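Engineer:
Numbering (my numbering), first residue to last: 149 to 360.
1. Could you please give me the residues that DSSP links to residue 238 through a beta bridge?
2. Report buried or exposed for residue 296, applying the criterion of at least 16 other Cβ atoms within 10 angstroms of its Cβ.
3. Using a Cβ distance threshold of 8 Å, determine whether the stretch 198-212 contacts the stretch 167-178, with at least three qualifying pairs required.
4. Specify, as a first and last residue, the run of the beta strand (DSSP E) that residue 182 falls within.
5. Report yes if the C-beta distance between residue 245 and residue 261 is below 8 Å; otherwise report no.
6. If you draw a straight line from the alpha carbon of residue 314 to that of residue 324, how long is it in whole angstroms?
7. Hey, residue 243 and residue 214: beta-carbon distance below 8 Å or not?
8. Using the rule of at least 16 other Cβ atoms within 10 Å of the residue's Cβ for burial, across every protein chain shown, is residue 275 buried or exposed?
9. Under 8 Å: do the stretch 218-229 and the stretch 266-274 share three or more Cβ pairs, one atom per stretch?
10. Helix, strand or coil: how does DSSP classify residue 278 here?
11. Using the Cα positions of residue 258 and residue 279, report the straight-line distance between them to the nearest angstrom.
12. Residue range of the beta strand (DSSP E) that residue 196 falls in?
13. Name, in chain order, the residues that DSSP records as bridge partners for residue 257.
14. Identify which residue in 168, 235, 158, 350 has its Cα closest to the Cα of residue 289.
15. Leaving aside the five residues before and after residue 271 along the sequence, list all residues of the same chain whose C-beta is less than 7 Å from its C-beta, in chain order.
16. In the structure shown, what three-state DSSP assignment does residue 169 receive?
17. From residue 171 to residue 287, what does the alpha carbon distance come to, in whole angstroms?
18. In the DSSP output, which residue or residues are listed as bridge partners for residue 244?
19. State the Cα-Cα distance for the pair residue 338 and residue 321, rounded to the nearest angstrom.
20. Compare the C-alpha of residue 158 against each of 185, 217, 241 and name the closest.
21. Across which residues does DSSP place residue 398 in a beta bridge pair?
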């Protein structure tokens, strides 16, 4: 029986694929999020996006589709008809196996199939070819707006910094206390060792000589 994937399930699969290292067939994005908005004024909402900054900033968008009607309706969005309005230097559709054909894809869009057991297989896209052939000039303003909203949701950044610095100071104190404790315990362990040897020596009985 064919697995019926839900939209939420595939969004999680998309985030996992974005974070997965290159060696395991993923994108190697240290930061990836699902269903995020590009702004508070009705901007693009992507199903999943991953960000990389190791060798120049790159963004990878994955749009999840679980039905043919959803895929066909997606083509009508302004972000699809005008690619420069959309987010993502590299863009993919993710869907159950064979729901979308390669020849139906918009120019430069990749395709990822999710198999019955949940395995992600890249059918086409920059992970299988030259980056140059699949590259989009993304809407950096929209991506910055998305990053700003994500930071706002994470709480007071300065407060988080204060907590992080406090944790570092506490960890340093714990390390010093551990060193001091070892210094104090060393003589005790030495005395216990000597006492143990003395007790062993006292308890030992001489072996009687064999009578010839």
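Beta carbons: idealized from backbone N, C-alpha and C, even for Gly. On a predicted model such as this, the values are computed, not experimentally measured, just so you know.
Structural biologist: In this structure, then:
1. BP columns for residue 238 point to 208.
2. With fewer than 16 other Cβ atoms within 10 Å, it is exposed.
3. Short answer: they touch.
4. For residue 182, the enclosing beta strand (DSSP E) covers residues 179-185.
5. Going by C-beta atoms, residue 245 is nearer than 8 Å to residue 261.
6. Distance between the alpha carbons of residue 314 and residue 324 is about 16 Å.
7. The answer is yes: Cβ separation under 8 Å.
8. Answer is buried; the Cβ neighbour count reaches 16.
9. The stretch 218-229 makes no contact with the stretch 266-274, as fewer than three CB pairs between them are under 8 Å.
10. Under the three-state reduction of DSSP, residue 278 is assigned to coil, being neither helix nor strand.
11. Roughly 11 Å between the two C-alpha positions.
12. Per DSSP, residue 196 belongs to the beta strand (DSSP E) from 193-200.
13. Answer is 239.
14. The shortest C-alpha separation from residue 289 is found at 235.
15. Annotation for residue 271: 250, 259, 260, 261 place their beta carbon closer than 7 Å to its own, counting only its chain and skipping 5 residues before and after.
16. Of the three classes helix, strand and coil, the one that applies to residue 169 here is coil, per DSSP.
17. Using only the alpha carbons, I get a separation of about 29 Å.
18. Its beta-bridge partners are 262.
19. Across the structure, residue 338 and residue 321 are spaced so that their CA atoms are roughly 26 Å apart.
20. Answer by Cα proximity: 241.
21. One cannot answer for residue 398 here, as it falls past the ends of the chain, which runs 149 to 360.
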